[in-house]
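Visitor: Following this message is one structure expressed as C-alpha cells.
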Amino acid sequence: MHSERDSSAQKSTIDSLRAEIQYNRKIRRQDAWGEKGKVLSSVVLQKVEKIFFEIGNGNLEVARTELKTSNLDKIFDADLLAAIEEGLGTGNWLQLKPLFLNTKFITQDGLIFWVAPYRQFRNGTRFEKVTGILGVAPIRNSYSQIRETAEQHFGGNFHAISEIIGFRRISCVGIAGGKEGEAFLVPNGWLIGDVSEGVALNDMTEQYARIRASETTVRRILSRNSADLVLSAVMDTIKGASLQNLEFQFHEVAHGIGL
17 MHSERDSSAQ
27 KSTIDSLRAE
37 IQYNRKIRRQ
47 DAWGEKGKVL
57 SSVVLQKVEK
67 IFFEIGNGNL
77 EVARTELKTS
87 NLDKIFDADL
97 LAAIEEGLGT
107 GNWLQLKPLF
117 LNTKFITQDG
127 LIFWVAPYRQ
137 FRNGTRFEKV
147 TGILGVAPIR
157 NSYSQIRETA
167 EQHFGGNFHA
177 ISEIIGFRRI
187 SCVGIAGGKE
197 GEAFLVPNGW
207 LIGDVSEGVA
217 LNDMTEQYAR
227 IRASETTVRR
237 ILSRNSADLV
247 LSAVMDTIKG
257 ASLQNLEFQF
267 HEVAHGIGL
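Under this note's numbering, the sequence shown has 120 at position 104, and the numbering climbs by one with no breaks.
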C-alpha cells in the first residue's frame with residue numbers, strides 16, 4: 017500500500033511538471049525543453065531524491081557515490097556535477113562559485129539542479145546545512161527591462177541587485193522548502209566562497225503555499241468581490257507564480273534604490 021501511495025505521488029509530481037512544460041511552450045512559442053527535457057523521468061527523480069535522502073541524513077560520502085553513478089550528466093552540466101561531487105566528498109565547495117555565477121545549475125531547458133552548503137539566520141542563531149534543489153524555472157522575467165526602468169526614474173546609483181529566478185520546486189533537502197526553510201535563497205547565503213553577486217532563487221512553490229494559507233484571512237477581512245479581485249491574480253498555480261515572481265523583481269529593485 018505504501019509503495020502504491022509513493023508511486024501515485026511521484027506520478028502526480030511528473031504530471032505537474034509536464035503541465036509546466038506545456039505552459040512554457042505556450043508562453044515562449046518554442047519547444048522549451050527540447051531533447052534533454054524528455055529524459056526527465058521518474059527514474060531521474062528517484063535518483064535525485066535518493067541523493068537528497070542521503071544528504072538529509074548526513075551521509076555525504078554515500079550521496080557522493082549516488083551522484084557519481086547517477087548518469088545525471090545526460091541532463092545537467094558535467095562540471096557542475098563534478099564540483100558537487102568534490103564538495104560532498106572533501107568539503108571543498110569553492111569550485112562551485114564560478115558555476116553559480118554563470119548559472120550553470122540551470123539547463124537551457126529551465127531545469128535546476130543545485131547542491132551546496134547554505135547558511136540561515138533564525139532568531140539570532142546561524143544554521144548551516146548542505147542544501148539541494150531540483151526544480152524548474154518556467155519563465156525568467158526580463159530583469160534588464162526592470163533595471164533600465166529603475167535607472168531612468170531614479171538614476172543608476174543603487175546597490176547591486178541580483179536577478180531573481182523563480183522556480184517551481186520538485187524536490188529539495190536542507191534549508192530549502194517548508195515553513196522552517198527559506199523560500200528566498202540569496203547569493204551570499206551559499207558557502208562557496210565570497211559570493212556578493214549572482215542570482216537569487218525564489219521558491220515559488222513555497223511562496224504559493226504561503227499565499228494560499230492567507231486566503232482565509234483575506235476573505236474574512238475583505239468583501240467577497242474585493243477578495244476575489246485580490247486573489248484572482250495569484251490563485252492559478254502557474255500564472256500566479258509568474259506574476260508573483262515579477263512582483264519580486266520590482267520589490268528587489270525598490271530595495272536597491274532605497275525605497
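Glycine is no exception: its CB is placed at the ideal position from the N, C-alpha and C atoms.
Computed from a predicted structure; not experimentally measured.
1) Return helix, strand or coil for THR119, following the three-state DSSP convention.
2) If contacts are defined as beta-carbon pairs under 8 Å, then VAL78 and GLU70 qualify, I think. What distance do you get, rounded to the angstrom?
3) Spatial neighbours of LYS84 within its chain, please: CB distance less than 8 Å, with the 5 preceding and 5 following residues excluded, ordered by chain position.
4) What number of angstroms, rounded off, separates the C-alpha of ASN230 from the C-alpha of ARG80?
5) Can you give the beta carbon distance from TYR134 to ILE191, rounded, assuming they're within the 8 Å contact cut?
6) If we ignore side chains and look at the alpha-carbon of each, how far apart do LEU112 and THR119 end up?
7) Quick check: the Cα distance between LEU96 and ARG235, rounded to an integer number of angstroms?
8) Considering only DSSP beta bridges, list what TYR134 is partnered with.
9) Does PHE143 pass the burial test, meaning 16 or more other C-beta atoms within 10 Å, or should it be called exposed?
10) Have a look at TRP206 and LYS90 and give me their C-alpha separation to the nearest angstrom.
11) Using beta-carbon positions only, say whether ILE128 and ALA153 come within less than 8 Å of one another.
12) Within the continuous beta strand (DSSP E) that includes VAL189, where are the two ends?
13) Please classify ASP47 as buried or exposed, where buried requires at least 16 other C-beta atoms within 10 Å of its C-beta.
14) Which stretch, first to last residue, makes up the alpha helix (DSSP H) that contains ASP219?
15) Whose C-alpha, out of GLU213, TRP130, LEU150, is nearest the C-alpha of SER58?
16) Going by C-alpha to C-alpha distance, which of TRP130, ILE180, GLY74 sits closest to GLU263?
17) So, are the CB atoms of SER212 and ASN218 less than 8 Å apart?
18) Applying the 10 Å Cβ sphere with the 16-neighbour rule, what's the burial state of ILE237?
19) Measuring CB to CB, does ALA132 end up less than 8 Å from GLY107?
20) Taking the straight line between their C-alpha atoms, what separation do you get for PHE121 and GLY209?
21) Kindly identify the DSSP beta-bridge partner or partners of ALA192.
22) May I have the straight-line CA-CA distance separating GLY214 from THR232, to the nearest angstrom?
23) Per DSSP, what kind of secondary structure is LEU76 in: helix, strand or coil?
24) In the DSSP assignment, what residue or residues form a beta bridge with LEU127?
25) Pull up the distance between the alpha-carbon of VAL189 and that of ALA99, whole angstroms please.
26) Could you tell me the alpha carbon to alpha carbon distance between VAL246 and ARG226, rounded to whole angstroms?
Guide: Result, derived from the coordinates:
1) DSSP places THR119 outside both helix and strand once states are collapsed to three, so it counts as coil.
2) In this structure VAL78 is in contact with GLU70, their Cβ atoms being roughly 4 Å apart against a cut-off of 8 Å.
3) Within the same chain, and ignoring the five residues on either side of LYS84 in sequence, the residues whose Cβ sits closer than 8 Å to its Cβ are GLU101.
4) Sequence inspection shows Ser at residue 230; the Asn mentioned does not correspond to that position. Note on geometry: alpha-carbon atoms of SER230 and ARG80 lie some 40 Å from one another.
5) Indeed, because the Cβ distance is near 5 Å, the residues count as touching under 8 Å.
6) Rounded to whole angstroms, the gap between the alpha carbons of LEU112 and THR119 is 10 Å.
7) Their Cα atoms are separated by approximately 46 Å.
8) Here TYR134 is bridged, per DSSP, to LYS145, TRP206.
9) It is exposed - the Cβ of PHE143 has fewer than 16 other Cβ atoms within 10 Å.
10) Each residue's CA atom was taken as its position, placing TRP206 and LYS90 some 26 Å apart.
11) Taking 8 Å as the cut-off, the beta carbon of ILE128 is found closer than this to the beta carbon of ALA153.
12) Run containing VAL189: 180-189, per the beta strand (DSSP E) assignment.
13) With a pLDDT of only 32 at ASP47, under 50, the local geometry of the prediction cannot be trusted, and the value read off the model is given with reservation. It is exposed - the Cβ of ASP47 has fewer than 16 other Cβ atoms within 10 Å.
14) Per DSSP, ASP219 lies in no alpha helix (DSSP H); the unbroken beta strand (DSSP E) holding it starts and ends at 216-219.
15) When only C-alpha atoms are compared, the closest one is LEU150.
16) Among TRP130, ILE180, GLY74, the Cα nearest to that of GLU263 belongs to ILE180.
17) Contact flag unset, no.
18) Burial check for ILE237: the Cβ neighbour count within 10 Å stays below 16, so the residue is exposed.
19) It is not a contact, given that the beta carbons lie outside the stated cut-off.
20) Taking the straight line from one Cα to the other gives about 17 Å.
21) ALA192 is bridged to GLU198.
22) It is roughly 36 Å from the alpha-carbon of GLY214 to the alpha-carbon of THR232.
23) In this structure, LEU76 counts as helix in the three-state DSSP scheme.
24) LEU127 has VAL152 as its beta-bridge partners, per DSSP.
25) Whole-angstrom Cα-Cα distance: 18 Å.
26) Rounded to whole angstroms, VAL246 to ARG226 spans 15 Å at the Cα level.
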